[in-house]
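Engineer: Protein chains in written order, with my numbering: chain A, 485 to 594; chain B, 6 to 119.
Each residue gets a CB set at the ideal place from its N, CA and C atoms; glycine is no exception.
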Amino acid sequence: TQLLEQSPQFLSIQEGENLTVYCNSSSVFSSLQWYRQEPGEGPVLLVTVVTGGEVKKLKRLTFQFGDARKDSSLHITAAQPGDTGLYLCAGTDGSYQLTFGKGTKLSVIP
Amino acid sequence: ETGVTQTPRHLVMGMTNKKSLKCEQHLGHNAMYWYKQSAKKPLELMFVYNFKEQTENNSVPSRFSPECPNSSHLFLHLHTLQPEDSALYLCASSQSGVAKNIQYFGAGTRLSVL
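1. Which ranges does the beta strand (DSSP E) cover as unbroken runs of at least 3 residues, wholly within the segment 504-544 of chain A, from first to last along the chain?
2. At what residue ranges does the segment 39-84 of chain B contain a whole run of the beta strand (DSSP E), taking only runs of 3 or more?
3. Check whether the Cβ atoms of A:Leu542 and A:Tyr571 sit closer than 9 angstroms, and answer yes or no.
4. Anything in chain A within Cβ reach of B:Asn55, meaning under 8 angstroms, just list it in chain order.
5. Between the Cα of A:Gly500 and the Cα atoms of A:Gly585, A:Pro565, A:Gly536, A:Asn508, which residue gives the shortest distance?
6. Is there a C-beta anywhere in chain C that falls below 9 angstroms from the one on A:Val512?
7. Under the rule that 16 or more other beta-carbon atoms within 10 Å means buried, what is B:Ala112, buried or exposed?
8. At the 9 angstroms Cβ level, is B:Asn35 part of the contact set with chain A, yes or no?
9. Could you compute how far the alpha carbon of A:Thr546 sits from the alpha carbon of A:Thr504?
Here's what the structure looks like:
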């Protein structure tokens, strides 16, 4: 069974601060996705990373896939209140099965 | 608006009721999914349909019965549920093949079983 551990579980920061959240596993994934979920809504896909060591940027968000394709990180620069939400990572072995972490709940205080 | 619409958004039912959740996607995808999201647990994949055929059933109790009449519609029929089945039920869709892991989610149905 593949498991994804996300840390931290909760994060509360002031507007303008930087933060990093982590997604770790002992399993190798063929790709990994990051989603953001706001209260009362479904998860929205932010990025997919496929190649070990890959780095992708989405405005102030930087995503990295570990060299061994077992872990990933999400770094947010100068966090804004609009970044508040539940950040989920999900990995796949190439099948239809996505394995999700429990998520990191981020609160950005104005 | 993700292109995946779920109804109803909220549902309260007793343990002896029968109800159905509906999902419709307008993205031209061929794969559809049901997930369960409970507090303090990761999203759990329940069922996968690819071109209307069920390809995954992750040991889901028989009180949950999926139906996929065509590639755009997915139902989850519920009967004799338990209070522990209270959760957010999410539908997702994707293309088949190499893009199958890029899934688009609906807003979910918040289910409460009394």
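Structural biologist: In terms of the structure at hand:
1. 515-521, 528-533, 539-542
2. 49-55, 58-62, 69-75, 78-84
3. no
4. Tyr580
5. A:Pro565
6. This model lacks chain C altogether; the protein chains it does include are A and B.
7. Burial call: buried.
8. Taking Cβ atoms only, chain A never reaches closer than 9 angstroms to B:Asn35, which makes this a no.
9. Annotation: A:Thr546 to A:Thr504 spans about 9 angstroms, alpha carbon to alpha carbon.
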